[in-house]
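**Q**
Numbering (the working numbering), first residue to last: -12 to 171.
1) Can you give me the C-alpha to C-alpha distance between residue -8 and residue 23, rounded to a whole angstrom?
2) Go ahead and pull the three-state DSSP assignment for residue 141.
3) Using only the alpha-carbon positions, how far apart do residue 164 and residue 11 sit?
4) Comparing alpha-carbon positions, which option in 33, 50, 6 and 7 lies nearest residue 125?
5) Which same chain residues, not among the five before or five after residue 104, have their C-beta less than 6 Å away from its C-beta?
6) State the CB to CB distance for the pair residue 55 and residue 97, rounded to an integer number of angstroms; the pair is presumed to be in contact (CB under 8 Å).
7) Within the chosen definition, does the region 54 to 68 reach the region 88 to 96 through at least 3 CB pairs nearer than 8 Å?
8) Bridge partners for residue 117 per DSSP, in chain order?
9) Give the C-beta separation of residue 85 and residue 73 to the nearest angstrom, bearing in mind that I take them to be a contact with Cβ-Cβ under 8 Å.
10) Which stretch, first to last residue, makes up the alpha helix (DSSP H) that contains residue -1?
11) From 59, 77 and 64, pick the residue whose C-alpha is nearest to that of residue 101; which is it?
12) State the Cα-Cα distance for the pair residue 142 and residue 129, rounded to the nearest angstrom.
13) Could you spell out where the alpha helix (DSSP H) holding residue 56 opens and where it closes?
14) For residue 90 and residue 30, I'd like the C-alpha separation in whole angstroms.
15) Given this structure, state the Cα-to-Cα distance separating residue 156 from residue -4, to the nearest angstrom.
16) Within 10 angstroms of its Cβ, does residue 76 collect 16 or more other Cβ (buried), or is it exposed?
17) What residue range does the alpha helix (DSSP H) around residue 82 cover?
18) Apply the 10 Å Cβ neighbour rule to residue 123 and answer buried if 16 or more other Cβ atoms are within range, or exposed otherwise.
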């Protein structure tokens, strides 16, 4: 336990870890790695004071955002105008049209965090192109790993959804658990 030698107070991370231990007390057989995992997360979040504008916290917002994921993926093709990006996304997923306002917002958020380089092309038809930076390419690679994982586990996910939906349609409050431990 990290206790301040002068005041005798526990560090913020240790206080969080005590709370996590209380939460996990009721969890049967938590992973042996949980303490290292939660200590790392607690350290990061306390270091940045849980500030969502800090890059390590904000990147999770990119990964969790539907449009930003697809923008990162389609931009692997090279420099693209926003209009081409929008047409590509509309072609790939016509059931979820992307407004110009939402496209601009997402591109700006990715550009702000260094995922894109925005280039103004001067000439008779002045326009803008976006290109992935090395940082953006690396994040795009990670998004592709997630997509590949989803493809490899499509059958497993479909079976789990069908099982869950089957019980939900029958009016069950909760589907039966996948595993029953103990008994009585």
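For glycine and all other residues, C-beta sits at the position ideal for the given N, C-alpha and C.
Every value quoted in this text rests on a predicted model; they were computed, and no experiment measured them.
**A** With the given structure in hand:
1) Taking the first residue of the chain shown as 1, we reach residue -8 at position 5. Taking the first residue of the chain shown as 1, we reach residue 23 at position 36. At residue -8, the pLDDT of 46 sits below 50, so the modelled position is not reliable; the number obtained from the coordinates is stated separately. Going from the Cα of residue -8 to the Cα of residue 23 covers about 24 Å.
2) Position 154 of the chain shown, counted from the first residue, corresponds to residue 141. Reduced to three states, the DSSP call for residue 141 is helix.
3) By 1-based counting over the chain shown, the position of residue 164 is 177. By 1-based counting over the chain shown, the position of residue 11 is 24. Distance between the alpha carbons of residue 164 and residue 11 is about 20 Å.
4) Position 138 of the chain shown holds residue 125. Among 33, 50, 6 and 7, the Cα nearest to that of residue 125 belongs to 50.
5) To locate residue 104, count along the chain shown from 1; it is residue 117. Counting only Cβ-Cβ distances below 6 Å, and skipping sequence neighbours, we find 118 and 120.
6) By 1-based counting over the chain shown, the position of residue 55 is 68. By 1-based counting over the chain shown, the position of residue 97 is 110. Indeed, because the Cβ distance is near 6 Å, the residues count as touching under 8 Å.
7) yes
8) Here residue 117 is taken as the residue at index 130 of the chain shown, counted from 1. Paired residue(s): 67 and 105.
9) On the chain shown, residue 85 is found 98 positions in, with the first residue counted as 1. On the chain shown, residue 73 is found 86 positions in, with the first residue counted as 1. Residue 85 to residue 73, Cβ: 6 Å. Contact.
10) Translated into the one-based positions of the chain shown, residue -1 becomes position 12. From DSSP, the alpha helix (DSSP H) with residue -1 extends over -1 to 11.
11) Here residue 101 refers to the residue found at position 114 of the chain shown. Nearest C-alpha to residue 101: 59.
12) If you number the chain shown from 1, residue 142 lands on position 155. If you number the chain shown from 1, residue 129 lands on position 142. Taking the straight line joining both Cα atoms gives about 22 Å.
13) Here residue 56 corresponds to residue number 69 of the chain shown, with the count starting at 1. Residues 53 to 61.
14) Counted from its first residue, the chain shown places residue 90 at position 103. Counted from its first residue, the chain shown places residue 30 at position 43. Cα to Cα, the separation comes out at about 34 Å.
15) As a working note, residue 156 is residue 169 in the chain shown. As a working note, residue -4 is residue 9 in the chain shown. Rounded to whole angstroms, residue 156 to residue -4 spans 53 Å at the Cα level.
16) Against the chain shown, residue 76 aligns to sequence position 89. It is buried - the Cβ of residue 76 has at least 16 other Cβ atoms within 10 Å.
17) One-based indexing of the chain shown puts residue 82 at position 95. Taken as a continuous stretch (DSSP letters only), residue 82 belongs to no alpha helix (DSSP H), as it is neither H nor E.
18) Here the question's residue 123 lines up with position 136 in the chain shown. When all chains shown are included, residue 123 counts as buried.
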